[in-house]
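Peer 1:
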């Protein structure tokens, strides 16, 4: 699946997107797999309350299942203005 990173998440990881092979059942499981990769991922995903996630371009939750999902995007909360 494609994993996209935006704003400071992209800056910490150093990539705008990557192709990830995973057996993760949920977004939270995927985050745990990514955290275990390298310190830069652990830093980016240290505080999930500071992150939002979208699955196939629809806002979702970290306990959402990944079955059938083609794209996961991680980004900070957005503010209006």
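Residue numbers (the numbering used here): 1 to 81. We put the CB at the ideal spot given by N, CA and C, even for glycine.
Just tell me which of 56, 12 and 75 has its CA closest to the CA of residue 42.
Peer 2: Taking only the C-alpha atoms, the option nearest residue 42 is 12.
Peer 1: Taking just the CA atoms, how far does residue 74 sit from residue 6?
Peer 2: Rounded to whole angstroms, residue 6 to residue 74 spans 6 Å at the Cα level.
Peer 1: How would you write the range of the beta strand (DSSP E) that residue 71 sits in, first residue to last?
Peer 2: 71-75 is the span of the beta strand (DSSP E), which, as asked, contains residue 71.
Peer 1: Please determine, among 62, 40 and 69, the residue with the shortest C-alpha to C-alpha distance to residue 15.
Peer 2: That would be 40, whose Cα lies nearest to the Cα of residue 15.
Peer 1: I'd like the span of the alpha helix (DSSP H) that includes residue 29, first residue to last.
Peer 2: Start and end: 27-37.
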